[in-house]
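Numbering of the sequence shown is given in UniProt numbering, commencing with residue 1 and proceeding in unit increments.
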Amino acid sequence: MLNELGVLRVQLSALGQRIEAVRASLTVRESSEGLDHQLRRVRLALGESMDLVVREVRLGGGGHRLALVYLEGLVDQTLVGEQILRPLMEAAPELAALQAGTGQDLLDLLRTRVLAAADVQREPDADAALGRLFGGNTLVLADGTSGALICETAGYPMRAVEEPTSESGVRVPREGFTESLQVNLSLLRRRIRSPDLWIEGMQIGRVTGTRVAFAYVRGTADDALVAEARRRLRRIDIDGVLESGYLEEFIEDQPYSPFPQTLRTERPDVVAANLLEGRVAIFTDNTPFVLVAPVVLTQLLGVSEDYYERFLIGSALRFLRYVAFVGSMALPSVYIAVTTFHQEMLPTSLLLSVAAAREGVPFPAIVEAMLIELMFEMLREAGVRLPRVVGPAISIVGALVLGQAAINASLVSPAMAVVVAITAIASFSTPVFSLAVSARLLRFAFMIAAAALGLFGVMTVGIAVLLHLAALRSFGVPYLSPLGPLVVQDWKDMVVRAPWWAMKKRPRTVGSPNRWRRPPGEPARVFRPRRREVPRAAAEERG
């Protein structure tokens, strides 16, 4: 009986050894097919893409199979060779010993001990790892190991940092944002070197997967504003985002308003200044334009140079811009109303000059104004769309030639041509392009009202525009602040700008919890000039 039990034990032990051998062979077979299965999934997801590169590597005399996957043109192949391939080849002889000594799986061992890339992450989800290919990353796949290593090897071509073309100035920095999100964030970090500058990242677009960064200064930006901006961005569901204008239309309060409700800028100093006042900035990859919110009307009529020049000069230039903005909307309509309905308002000599200039013109003032305004708008659009070499020349020469030809043909009067030219120059003085376009659109409404009702029509349209502005909000902030509602403290930075030493507090309209720019106990001016004291020896000599 005991002999039979002993024989049975020997048979069971042999059977267990056979089972372990079969299991080991199955494991080896599964591991040998694991990498092929992963590569098959990659090719199935990306199709027959001509820029897909798969480099298979066998390390340790055929022991370990690896594969490098990247998209040609999005990576720096020098980085792939120096930081991934070379360390793998150099560590191949000791790889088995290292793995046995540390007890780590192959991917973790490569991440912590072998690869020399600046940023190496372990991604357990294969589908998520595939999405990282389009950011210029290289995937490292290992046989028999789930997931992938994501190595930062981006090296696609990008535009260098240059001076912004849409926001020029005299005393301003010469750096502007580019189409690279990393470069734009680095330009912002250079200006706000504080751990309180928080930047949150997200991806928007089911197909494009566009990276969007959301920046604010912690403790300066209102928590409710930050939460609202984050909520509006996260609820966007669209297949693609190619420019920040996509996001702008999704997050604005009133999409049917002609007035912009966010500030678009490509200047890092403008973004930094707004963040220091408690606003938020939205960066979008592949575009140099950054969105800043909330925004008010007075902010759109100011430029960064107002704060770099002495306050007297900045205030004078800002006041000139306010006058130009109103004139760009209402000047042609006032001329139409006065020459059509209210001739008694003109001095006799001026009235006779205008009447003599209009002699021979077959059209009423409204048709005359519409004709020349449309001509100027078409010339302006042509100057923008044509190549830079010929665009400005065509717009200038075209305006001169067509204007003179229209006057000689008695299609328009010289006085109307002068009024439209002044209006065009005034519209160029508006610093924000989207606000200037809004004024150009409203100009036609003012002109039609002036032709129908005279100055009463001009005032009616003006009141309607003011009522619309009073009801407009930008992320909950009234658009006419600090005029409506009235915030006297913020008048220091409205039509005129107070000196920097007098603006101790941040604008109340933004609602920043940290209201003080400077400590409240310090005097307004750090330095006060004193009367010069004459040395005693010099006084005695004069005496």
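Backbone N, C-alpha and C fix where the C-beta goes; we use that ideal spot for every residue, glycine too. Small disclaimer: the values here were computed from a predicted structure and weren't measured.
Query raised in the report: Quick one: any contact between the stretch 430 to 449 and the stretch 332 to 341, if contact means 3 or more CB pairs under 8 Å?
Result: Yes, the stretch 430 to 449 is in contact with the stretch 332 to 341.
Query raised in the report: What three-state label does DSSP hand H64 in the structure shown?
Result: Under the three-state reduction of DSSP output, H64 falls in the strand class.
Query raised in the report: Who are the near neighbours of V217 in its chain, counting only those whose CB is closer than 8 Å to its CB and skipping five residues on each side?
Result: Its chain contains I192, S194, D196, L197, W198, L275, L276, G278 as the residues whose beta carbon lies nearer than 8 Å to that of V217, once the 5 sequence neighbours on both sides are disregarded; these appear in chain order.
Query raised in the report: What residue ranges within the stretch 110 to 182 form continuous beta strand (DSSP E) runs of no fewer than 3 residues, ordered along the chain?
Result: List check, beta strand (DSSP E) in window: 120 to 123, 137 to 142, 148 to 152.
Query raised in the report: Touch check for the stretch 429 to 441 and the stretch 290 to 306: three-plus C-beta pairs under 8 Å?
Result: Here the stretch 429 to 441 lies against the stretch 290 to 306, with 3 or more beta-carbon pairs under 8 Å apart.
Query raised in the report: For N137, which residues of its own chain have a beta-carbon under 8 Å away from its beta-carbon, when the five flanking residues on both sides are left out?
Result: Closer than 8 Å at the Cβ level, and outside the excluded window around N137, lie Y70, V75, I150, C151, E152, T153, A154.
Query raised in the report: Which residue or residues does DSSP assign as beta-bridge partners of Q343?
Result: Beta-bridge pairing links Q343 to no other residue.
**Report entry** Reduced DSSP category for R29 - H, G, I as helix; E, B as strand; rest coil
**Finding:** Confidence at R29 is low in this model, with a pLDDT of 42, below 50, so the placement of that residue is unreliable and no value is reported for it.
Requested in this report: Sort A116, E56, M50 by Cα distance to T78 and report the nearest one.
Outcome: Answer by Cα proximity: A116.
Query raised in the report: Exposed or buried, which one is A129 when buried takes at least 16 other CB atoms within 10 Å?
Result: By the neighbour-count rule (16 or more Cβ atoms within 10 Å), A129 is buried.
Query raised in the report: Going by beta carbon distance, what residues of the same chain come within less than 8 Å of A272, once the five residues before and after it are set aside?
Result: Its chain contains L188, R191, I192 as the residues whose beta carbon lies nearer than 8 Å to that of A272, once the 5 sequence neighbours on both sides are disregarded; these appear in chain order.
Query raised in the report: Rounded to a whole number of angstroms, what is the C-alpha to C-alpha distance between V54 and S186?
Result: About 32 Å.
**Report entry** Alpha-carbon spacing of L46 relative to I251, whole angstroms
**Finding:** CA-CA distance, L46 to I251, rounds to 33 Å.
Query raised in the report: Would the beta-carbon of V420 fall within 8 Å of that of A330?
Result: In this structure, V420 sits away from A330, with a CB-CB distance that is not shorter than 8 Å.
Query - Endpoints, alpha helix (DSSP H) assigned at A409 - result: Counting along the chain, A409 falls outside any alpha helix (DSSP H), and DSSP gives it neither H nor E.
Query raised in the report: Leaving out the 5 sequence neighbours to the left and right, which residues in its chain are closer than 8 Å to L441 when beta-carbon positions are compared?
Result: The residues P258, in chain order, have a CB closer than 8 Å to that of L441 in the same chain once the five nearest residues on each side in sequence are set aside.
**Report entry** Coil, strand or helix - A356 by DSSP
**Finding:** In the three-state reduction of the DSSP assignment, A356 falls in the helix class.
Query raised in the report: To which residues does DSSP link G484 through a beta bridge?
Result: Listed as beta-bridge partners of G484 by DSSP are L480.
Report task. Give me the Cα-Cα distance between V114 and D253, rounded to the nearest whole angstrom. Result -> Rounded to the nearest whole angstrom, the C-alpha separation of V114 and D253 is 52 Å.
**Report entry** Helix, strand or coil at L438 according to DSSP, with G and I counted as helix
**Finding:** For the sequence presented, residue 438 should be read as Ser rather than Leu. DSSP, read as helix, strand or coil, puts S438 in helix.
Requested in this report: Could you check what DSSP says for Y216 in three-state terms: helix, strand or coil?
Outcome: In the displayed model, Y216 falls within a strand according to three-state DSSP.
Report task. Tell me whether the beta-carbon of R40 lies closer than 8 Å to the beta-carbon of A126. Result -> Not closer than 8 Å, so no.
Report task. With distances taken Cα to Cα, identify the nearest neighbour of D306 among P332, P499, I422. Result -> Checked all of P332, P499, I422; the closest Cα to D306 is P499.
Query raised in the report: Is the Cβ-Cβ distance between L133 and L141 less than 8 Å?
Result: The Cβ atoms of L133 and L141 lie no closer than 8 Å to each other.
Requested in this report: Take every Cβ of the stretch 342 to 349, pair it with every Cβ of the stretch 460 to 471, and state whether three or more of those distances are shorter than 8 Å.
Outcome: Not touching, per the Cβ criterion.
**Report entry** the stretch 480 to 493 / the stretch 308 to 323 touching (three or more Cβ pairs under 8 Å)
**Finding:** In short, these stretches do not touch, since the Cβ pair count stays below three.
Report task. Would you list the residues sitting across from G201 in a DSSP beta bridge? Result -> Answer by DSSP bridge pairing, in chain order: A213.
Requested in this report: Enumerate in chain order the residues of its own chain whose CB-to-CB distance from R473 is below 6 Å, with the five nearest sequence positions on each side excluded.
Outcome: Cβ within range, chain order: D253.
Query - DSSP beta-bridge partners of Y70 - result: By DSSP's assignment, Y70 forms a beta bridge with V53.
Query raised in the report: Taking buried to mean at least 16 other C-beta atoms within 10 Å of its own C-beta, is A356 buried or exposed?
Result: Here A356 is exposed: its Cβ has fewer than 16 other Cβ atoms, across all protein chains shown, within 10 Å.
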